[in-house]
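**Student:** Going down the list, the protein sequences come from chains R and H.
Heads up: the first sequence runs through residues 7 to 260, numbered per the numbering used here.
Heads up: the second sequence runs through residues 175 to 722, numbered per the numbering used here.
Please see the structure below; I have some questions.
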Amino acid sequence: MGESKQVLIEKQKKKSKDEKTKAGEVEVFIMGKSYKVPAGLTIMKALEYAGYRFIRGCGCRAGFCGACSTVYRIEDEQKLGFDLACQKVVEDKMYLVQLPFVPASKTEYDIEKILPSDTILLEMYPEIARCVSCNTCTKSCPQDIETMKYIQMAIRGDIARCAELSFDCIQCGLCAMRCPADIKHYHLAQLARRLRGKYIDPKSKNLAKRLKEIDNRKYNDEIEKLIKITKKEIMELYKNRKIEADETESLGGD
Amino acid sequence: MKLIDGYPDYMMESIKLVEKKREHNMKHPIKPMNMKEREDMLGKYHPDYMQGTRRELRVGVDKGQIFYNGIVDLLESRPVLDPKDVDLSKIDYDVDLLIIGGGGAGTVAALFARESGIPIEKILIVTKLRHGDANSMMAQGGIQAADRPNDNPALHYLDIYGGGHFTNKPELARALALDAPLIINWHEQLGVMYDRLDDGEFQELSGGGTCRNRMHSCKDYSGMEIMRNIRDNARNLQIPVLEFCPIAELIMDDKGQVAGAVAFNLETYEYYVIRAKATILATGGSGRLHLSNYPTTNHYGATGDGLVMAYHVGANLLDLDTIQIHPTGDAFPEPIVGILSTEKIRGLGAIPLNADGDPFVFPLEPRDVESASLIRECKEGRGVVTPTGMPGVWLDTPMIEIIHGEGTIATKLSGEVRKFKRFNIDITKHPILVYPTLHYQNGGVEINEKCETRIPGLFAAGEVSGGVHGKNRLMGNSLLDFNVFGRRAGIYAAKYVKKAKIGKLTLSHLNKYNKILDNAGIKPKKTAPIILPEYRGEMAISRSLDIF
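Listed below in structure tokens is the structure:
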């Protein structure tokens with residue numbers, strides 16, 4: 007922070023004057039304490055605005071990592087809300103907390119030594135049999151995944167469906183913390199997806215062929231040649247290489 | 175502020191122009207630029223070429239090199255650790271291999287170090303946040319590997335090298351291309367659920383700058399799917415991980431080798447002395463430095479710590495005069511500013527439009543050129559300015575449904591739909607506002623094919639390393655990078671460990687670095703590495719007291 011405290015204070019005074027006339031503030035209660043923050047901030051940014059510097063409960067800040075899953079309640083409402091602090095915008099009179107850690111147990115296994123049998127998920131995570139179909143897991147999922155449904159698939163031994171339905175899981179753990187049957191949904195789903203990826207989905211023959219070629223050093227000389235030619239020569243090769251794609255049909259990328 | 179369908183009145187007015195001109199815009203696309211036009215655009219509007227974004231470094235092994243200001247600021251700061259505060263005679267962790275960073279590169283390195291013979295209890299991963307909190311987890315698009323019959327690793331090499339403006343280290347680009355199919359095979363064995371065709375072949379898409387379709391993906395969550403598989407394997411093997419313990423500085427020995435590091439417990443403020451025969455730096459990138467004041471797609475811990483601690487022991491850095499800005503970061507609403515909207519949106523036919531609803535650039539220029547064009551449009555006043563002062567241009571997503579049919583967005587861009595729905599924005603009906611965002615650290619600590627740095631005992635892999643991508647990385651090559659070089663770092667570090675002998679531990683290199691700063695007449699106000707960015711509100715900071 008390059009600016010002096012005095013400058014910051016002045017800036018802040020000016021800013022808060024502007025804010026009173028322009029965009030509104032909302033009152034939030036962070037761990038029960040009242041703070042005024044600008045409307046429109048996410049829960050994460052509201053806590054920071056109020057002066058919190060995160061160690062826990064903050065990861066990718068973009069909805070991918072599950073570090074900031076949280077619960078909240080709006081004054082005079084009965085229900086708890088569930089969401090990601092980096093995505094959910096604060097509302098007036100919102101009670102906010104941080105959930106720093108989910109202490110759910112995980113079964114350890116060697117993926118090479120298990121098989122995708124009908125009962126494997128039940129064997130590894132027997133507590134799924136205790137599911138009472140209350141659907142609390144689904145209601146608490148910030149990704150809107152059909153959590154209870156994939157647990158039902160797991161009980162039935164449908165590994166492929168369980169894997170598919172759970173695919174968008176960011177492993178935040180809210181489901182496991184809310185479950186009255188102590189099911190560790192997100193750990194079980196991880197196992198289901200690995201079993202499907204490894205044993206159920208068909209494998210690429212092209213890849214197997216390419217691996218053999220690489221083993222036989224088929225491309226080493228060609229690349230060596232590319233490394234040895236002059237910069238001008240390789241620039242020509244690069245400029246004149248044929249581009250396969252009809253880009254609008256098959257463009258990927260991040 | 176009153177919002178209609180997620181947008182304030184005045185933005186909705188601009189959207190009406192976008193809608194009015196949509197049909198015309200779809201029929202009259204802008205043509206791609208020629209090489210000369212591209213160069214002009216970059217020279218004027220890309221931060222890599224602009225005045226004032228970078229300057230000469232005055233200290234250390236790379237003295238005289240030009241790096242981004244924010245990087246130079248860190249390298250010209252005092253080391254955060256005072257050697258006087260640390261008792262090196264008491265070793266808290268004594269291991270063969272220390273891995274700094276629990277993201278993709280670090281976790282892959284741990285798995286292959288174990289396969290190469292290092293006992294599990296002699297490996298230690300230390301990480302700033304949780305295991306897996308990393309940019310690796312956030313990568314959406316996919317991973318490149320030349321495995322189709324009409325493709326081959328030599329073509330992949332050519333793409334990597336040309337994409338990097340011929341500045342990559344050739345042996346590193348070769349390793350990236352040649353190891354790629356092997357990595358995909360390893361993922362198959364782990365159980366990564368790649369998108370496949372009915373016959374089991376991978377669904378492979380094209381990406382900007384690639385001459386063949388070789389982008390393997392796992393829906394819109396490619397990085398997450400790969401990372402969680404790798405992490406699950408590490409957890410099953412019970413590889414030791416110390417979370418919320420960033421490394422503050424590296425430790426050396428009296429023979430000039432790197433011999434471990436000092437970790438800092440973020441919650442108790444204790445330090446831990448870690449002695450290690452080999453150390454792998456896998457600390458990731460530096461988006462959270464907000465170089466050139468850009469918002470960023472990066473995770474909370476991406477503050478470039480690895481660059482700083484490596485530089486303090488004498489390792490050299492490459493290509494930090496360039497950054498990768500991604501053209502389509504979100505500009506509205508405020509809570510998601512800087513978050514990525516995937517390139518696939520343009521791939522599916524959406525066109526960038528200015529405030530008047532007019533197109534101004536071919537939608538699929540290379541990333542740097544596309545970004546520069548968006549920056550120009552905004553600088554010259556034809557962008558939309560949000561209520562918080564953020565400029566942006568429209569990306570007309572509804573075009574996708576017109577081209578490919580209703581429902582396309584829901585199936586192909588489910589992550590994007592989910593993100594905007596939270597803010598009552600329906601991207602099938604209304605465009606989204608975008609502006610370039612800081613995405614990737616192209617360069618970093620120089621390594622060779624064995625991931626060795628120039629300092630014995632110190633290896634590096636992943637985004638922290640330099641030379642693989644030269645001055646520009648192609649899409650799909652960063653997920654590949656952390657796998658290829660994480661694996662190599664694990665294997666070669668394991669080999670190194672077998673004959674390594676550590677001498678007496680020391681932090682004297684930090685005293686030396688302080689002297690170098692003094693001799694250069696630099697009077698640093700700050701310390702580095704910074705460990706976490708500062709996002710507290712100005713009011714809160716201005717009133718905080720350091721009395722507890």
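By construction, the Cβ of each residue, glycine as well, lies at the ideal position given by its N, Cα and C atoms.
Bear in mind the structure is a predicted one, so any value in this text is a computation, not a measurement.
Closer than 8 Å by beta-carbon distance: list the chain H residues that pair up with I126 (chain R), in chain order.
**Tutor:** Chain H residues near I126 (chain R): none, gap ~13 Å exceeds 8 Å.
**Student:** Thinking just about the alpha-carbon of each residue, which of H:L514, H:F506, H:N528 and H:P537 is nearest to the one in G165 (chain H)?
**Tutor:** The requested residue 165 (chain H) is not part of the displayed model; chain H covers only 175 to 722.
**Student:** Which of the residues in the stretch 50-84 of chain R, read from start to end, lie with their CB under 8 Å from any CB of chain A?
**Tutor:** This model lacks chain A altogether; the protein chains it does include are R and H.
**Student:** Determine the direct distance from the alpha carbon of P44 (chain R) to that of K28 (chain R), and round the result to whole angstroms.
**Tutor:** With a pLDDT of 41 at K28 (chain R), under the threshold of 50, the modelled position of that residue is not reliable, and no figure is offered here.
**Student:** Report the neighbours of I513 (chain H) on chain R: residues whose CB is nearer than 7 Å to its CB, in chain order.
**Tutor:** The answer, in chain order, is A68.
**Student:** Quick check on the burial criterion: 16 or more other C-beta atoms within 10 angstroms. Buried or exposed for N693 (chain H)?
**Tutor:** Looking at its Cβ environment, which holds fewer than 16 other Cβ atoms inside 10 Å, N693 (chain H) is exposed.
**Student:** When the Cα atoms are used, what is the spatial distance from R556 (chain H) to E517 (chain H)?
**Tutor:** Distance between the alpha carbons of R556 (chain H) and E517 (chain H): 22 Å.
**Student:** Under the rule that 16 or more other beta-carbon atoms within 10 Å means buried, what is I233 (chain R), buried or exposed?
**Tutor:** So I233 (chain R) ends up on the exposed side.
**Student:** I want to see whether chain H comes within less than 8 Å of P208 (chain R), judged by CB atoms only; does it?
**Tutor:** Yes - at least one Cβ of chain H is within 8 Å of the one on P208 (chain R).
**Student:** Output, in chain order, the set of chain H residues within a Cβ distance shorter than 7 Å of M241 (chain R).
**Tutor:** Per Cβ cutoff of 7 Å: F340.
**Student:** On the DSSP bridge list, what partners appear for V608 (chain H)?
**Tutor:** In the DSSP output, where bridge partners are listed per residue, V608 (chain H) has H:D504 and H:V567.
**Student:** Opposite S639 (chain H) in the DSSP bridges: which residues?
**Tutor:** Answer is H:V619.
**Student:** So if I threshold CB-CB distances at 9 Å, which residues from the stretch 357-368 of chain H count as touching chain R?
**Tutor:** Correct list: I358, N359, H361, E362, Q363, L364, G365, V366, M367 and Y368.
**Student:** At the level of alpha carbons, what is the spacing between L243 (chain R) and G640 (chain H)?
**Tutor:** Their Cα atoms are separated by approximately 25 Å.
**Student:** Determine, for T27 (chain R), whether the minimum Cβ-Cβ distance to residues of chain H falls below 8 Å.
**Tutor:** With a pLDDT of only 33 at T27 (chain R), under the threshold of 50, the placement of this residue in the model should not be trusted, and no figure is reported.
**Student:** Below 8 Å between beta carbons: does that hold for I220 (chain R) and L356 (chain H)?
**Tutor:** For I220 (chain R) and L356 (chain H), yes; Cβs fall inside 8 Å.
**Student:** Between the Cα of K119 (chain R) and the Cα atoms of R:I235, R:K204 and R:P186, which residue gives the shortest distance?
**Tutor:** Answer by Cα proximity: R:K204.
**Student:** Excluding sequence positions up to five away, which residues of its chain have a Cβ less than 8 Å from the Cβ of K678 (chain H)?
**Tutor:** Excluding positions up to five away in sequence, the list reads D427 and D428.
**Student:** Could you check what DSSP says for Q196 (chain R) in three-state terms: helix, strand or coil?
**Tutor:** Q196 (chain R) falls in the helix class under three-state DSSP.
**Student:** Output, in sequence order along the chain, the residues in the stretch 374-405 of chain H whose CB is closer than 7 Å to any CB in chain R.
**Tutor:** Of all residues in the stretch 374-405 of chain H, G374, E375, F376, L379, S380, G381, G382, C385, R386, N387, M389, S391, K393, Y395, M398, R402 and N403 have a Cβ within less than 7 Å of some Cβ in chain R.
**Student:** Could you check what DSSP says for M398 (chain H) in three-state terms: helix, strand or coil?
**Tutor:** Of the three classes helix, strand and coil, the one that applies to M398 (chain H) here is helix, per DSSP.
**Student:** So what does DSSP say about I601 (chain H), is it helix, strand or coil?
**Tutor:** Three-state DSSP puts I601 (chain H) in coil, outside helix and strand.
**Student:** What first and last residue would you give for the alpha helix (DSSP H) that runs through L653 (chain H)?
**Tutor:** Looking at the DSSP string, the run of the alpha helix (DSSP H) that includes L653 (chain H) is N651 to K673.
**Student:** Counting C-beta neighbours from all protein chains within 10 Å, is the total for Q104 (chain R) 16 or more, i.e. buried, or is it exposed?
**Tutor:** Q104 (chain R) is buried by the Cβ-count criterion.
**Student:** Closer than 9 Å, Cβ to Cβ, to anything on chain R: give me those residues from the stretch 499-527 of chain H, in chain order.
**Tutor:** Flagged, chain order: H500, P507, E508, P509, I510, G512, I513, L514, T516, E517, K518, R520, G521, L522 and G523.
**Student:** Under three-state DSSP, which class holds I36 (chain R)?
**Tutor:** In this structure, I36 (chain R) counts as strand in the three-state DSSP scheme.
**Student:** Measuring CB atoms only, is the stretch 134-153 of chain R touching the stretch 97-112 of chain R, in the sense that at least three cross pairs come out at less than 8 Å?
**Tutor:** The answer is no - the stretch 97-112 of chain R does not touch the stretch 134-153 of chain R, with fewer than three Cβ pairs under 8 Å.
**Student:** Let me know the secondary structure DSSP gives V192 (chain H) once reduced to three states.
**Tutor:** Note: V192 (chain H) maps to helix in three-state DSSP.
**Student:** Just mark K553 (chain H) as buried or exposed, buried being the case when its beta carbon has 16 or more other beta carbons within 10 Å.
**Tutor:** Label assigned to K553 (chain H): exposed.
**Student:** Between G277 (chain H) and A635 (chain H), what straight-line distance do the alpha-carbon atoms span, to the nearest angstrom?
**Tutor:** For G277 (chain H) and A635 (chain H), the distance between alpha carbons rounds to 11 Å.
**Student:** Between G430 (chain H) and the rest of its own chain, which residues show a CB-CB distance below 8 Å, the 5 nearest in sequence each way excluded?
**Tutor:** Around G430 (chain H): I629 and P630.
**Student:** Locate the beta strand (DSSP E) running through E423 (chain H), then write down its first and last residues.
**Tutor:** Counting along the chain, the beta strand (DSSP E) containing E423 (chain H) begins and ends at I421 to D427.
**Student:** Looking only at its chain, what residues have a beta carbon closer than 6 Å to the beta carbon of K686 (chain H), apart from the 5 residues adjacent to it on each side?
**Tutor:** The answer is none, since no qualifying residue turns up.
**Student:** When the Cα atoms are used, what is the spatial distance from L197 (chain R) to Y131 (chain R)?
**Tutor:** L197 (chain R) and Y131 (chain R): Cα-Cα distance of roughly 10 Å.
**Student:** Express the C-alpha separation of S310 (chain H) and R449 (chain H) in angstroms, rounding to a whole number.
**Tutor:** Rounded to the nearest angstrom, the two C-alpha atoms are 27 Å apart.
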